[in-house]
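In this note's numbering, each residue carries its 1-based index in the sequence shown increased by 374.
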Amino acid sequence: MSILLNVPFSEKDEAKKLGAWWNPELKKWYVKNRNEYIKFKKWISPRASFFVVCGHLYIIQGENICFKCGKKTRVIGYGIESYMEFDDEIESGVYYDKGEEIHIAAHIEPVPSKLMNYIQSTYNYKNRYSKFANRTYLANCCDNCDVLQGDFFLFNEVDSSFWIENKEVASKLNLFKITLKYDMVLDNIEMGFGSNDYMIKQFAHTEELDLSII
């Protein structure tokens, strides 16, 4: 696995000296070894703090009972398996999990355009204003009556769709695994951690999703 860099032409010699490789097809520099990502931090992201999702990303599909119409509706989150975190206080990017567990994220930012196009053509997922949160965000909406299915009630409340209480709950989830061509740079991940997250990988149904994301 590798990561693409945004190297200005004037800094190409510096990047090459540090060990970056040139991809003539994409006309971009890249790094092969995750242990060396920290050396190229300024070309990975202009932000002081950011995340790198490594290897795979998941769409996690669950099921919710709509509070308005009472019917079942599909709802989704994102599954993060292996990732790195960078900020000014971390001298070398911190590498988490390495494929041992999958954690559920309500949101990732930014959502790659190919992924967004797929999600919005497959699910009822759109920008909606939430009175509870007092803000507009990309939200799950009911497949039947179109009402917003709020983040708090899906991701943070006990007995909610993505609250992993036991293997029965985990087994109701469907994981759509997206193999990343390159490690993915994200500005932010709204991710929760639970003591039973290991059950997601163990009991949920998993299938590959043929979606090329860079």
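Yeah, the Cβ is synthetic: ideal placement off N, Cα and C, and Gly gets one too.
Close-in-space but distant-in-sequence residues of the same chain around residue i (CB under 6 angstroms, 5 per side omitted)
| i | result |
| --- | --- |
| His579 | Asn548 |
| Val543 | none |
| Glu459 | Phe425 and Val468 |
| Val381 | Ala389, Trp403 and Trp417 |
| Lys541 | Met573 and Phe577 |
Own chain, CB closer than 7 angstroms to residue i, minus 5 neighbours either side, in chain order
| i | result |
| --- | --- |
| Ile439 | Lys446 |
| Glu410 | Gly393 |
Coarse secondary structure for residue i, derived from DSSP in three states
| i | result |
| --- | --- |
| Tyr452 | strand |
| Leu392 | helix |
| Ile493 | helix |
| Arg509 | strand |
| Phe527 | helix |
| Val427 | strand |
| Asn438 | strand |
| Glu504 | In the sequence as displayed, the identity of residue 504 is Ser instead of Glu. If DSSP states are grouped into helix, strand and coil, Ser504 belongs with the strands. |
| Lys406 | coil |
| Tyr470 | strand |
Nonlocal neighbours in the same chain, by C-beta distance under 8 angstroms from residue i, ignoring five residues either side
| i | result |
| --- | --- |
| Tyr499 | Ile450, Ile493, Leu512, Ala513, Asn514 and Cys515 |
| Ser598 | The chain is shown from 375 up to 588; residue 598 falls before or after that span and cannot be answered. |
Which residues DSSP lists as bridging residue i, in chain order
| i | result |
| --- | --- |
| Ala479 | Tyr452 and Met565 |
| Phe460 | Phe424 |
Local Cβ density within 10 Å of residue i, reported as buried at 16 or more and exposed below that
| i | result |
| --- | --- |
| Met573 | buried |
| Leu379 | buried |
| Val405 | buried |
| Leu400 | exposed |
Cβ-heavy atom distance, residue i to the ligand FAD, below 7 angstroms
| i | result |
| --- | --- |
| Met375 | The ligand FAD is absent from the structure shown, which contains no ligand whatsoever. |
- Three CB pairs or more closer than 8 angstroms across the stretch 424-432 and the stretch 390-404: Counting C-beta pairs closer than 8 angstroms gives fewer than three between the stretch 424-432 and the stretch 390-404, which falls short of the contact rule.
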